[in-house]
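K.L.:
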Amino acid sequence: MKTAKVLLLASGVANGLFFLFHLYMGWQLHHLQVAPGLRALLEMFNGGGALFILFLTYASLLRAEEILTSRLGTAVLVLGSGLYLLRAVAEFVVAPHARPAIYLTCLVTGGLYLGALLLRRSSQPRTA
Numbered sequence: 000m001k002t003a004k005v006l007l008l009a010s011g012v013a014n015g016l017f018f019l020f021h022l023y024m025g026w027q028l029h030h031l032q033v034a035p036g037l038r039a040l041l042e043m044f045n046g047g048g049a050l051f052i053l054f055l056t057y058a059s060l061l062r063a064e065e066i067l068t069s070r071l072g073t074a075v076l077v078l079g080s081g082l083y084l085l086r087a088v089a090e091f092v093v094a095p096h097a098r099p100a101i102y103l104t105c106l107v108t109g110g111l112y113l114g115a116l117l118l119r120r121s122s123q124p125r126t127a
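FYI, in numbering that gives the first Met the number 0 the residues of the sequence shown are 0 to 127.
(1) Can you give the beta carbon distance from Ala58 to Leu22, rounded, assuming they're within the 8 Å contact cut?
(2) Ordered along the chain, which non-local residues of its own chain (more than five positions away) have a Cβ less than 6 Å from that of Leu71?
(3) Helix, strand or coil: which one does DSSP assign to Ala127?
(4) Hey, which unbroken runs of the alpha helix (DSSP H) at 4 residues or more fall wholly within the region 58-127?
(5) If contact is defined by three or more beta carbon pairs under 8 Å, each pair taking one atom from either stretch, is the region 60-77 in contact with the region 99-111?
(6) Any contact of the region 4-16 with the region 108-119, i.e. 3+ C-beta pairs under 8 Å?
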């Protein structure tokens with residue numbers, strides 16, 4: 000369980016950095032010279048994503064024990080790993096030009112959540 004907590008704390012630090020990046024990106028999007036409707040849509044998606052990432056930061060850093068011991072925590076771990084692993088795949092499937100830095104960052108963060116999930120499950124007592 001200790002290793003799972005370390006993985007979860009590392010993912011929380013990564014999420015904190017991603018949150019700061021999304022704040023910066025929101026500022027950049029606000030000044031982007033595109034159609035107002037498109038800019039508004041990009042800003043809304045970025046804002047929603049930033050709040051989601053902020054939640055993952057909070058849960059991973061300040062509620063790690065709860066995440067690792069509750070059913071709701073399992074859902075958070077699945078959600079965190081799914082978000083970042085899907086984003087890594089989308090970098091090649093959806094993005095016109097894959098960027099290795101984004102791919103690797105998302106792959107590592109998704110792997111941290113997946114590792115915490117797998118370690119958490121392996122340390123849970125088995126019931127019949």
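Glycine residues also receive a C-beta, built at the ideal position from the N, C-alpha and C atoms.
P.N.:
Let me spell this out:
(1) Between Leu22 and Ala58 the Cβ distance is about 19 Å, and since that is not below 8 Å, they are no contact.
(2) none
(3) With a pLDDT of only 43 at Ala127, under the threshold of 50, the placement of this residue in the model should not be trusted; the figure read from the coordinates follows. In the structure shown, Ala127 sits in coil (DSSP, three-state: anything other than H, G, I, E or B).
(4) 63-68, 70-92, 99-122
(5) no
(6) yes
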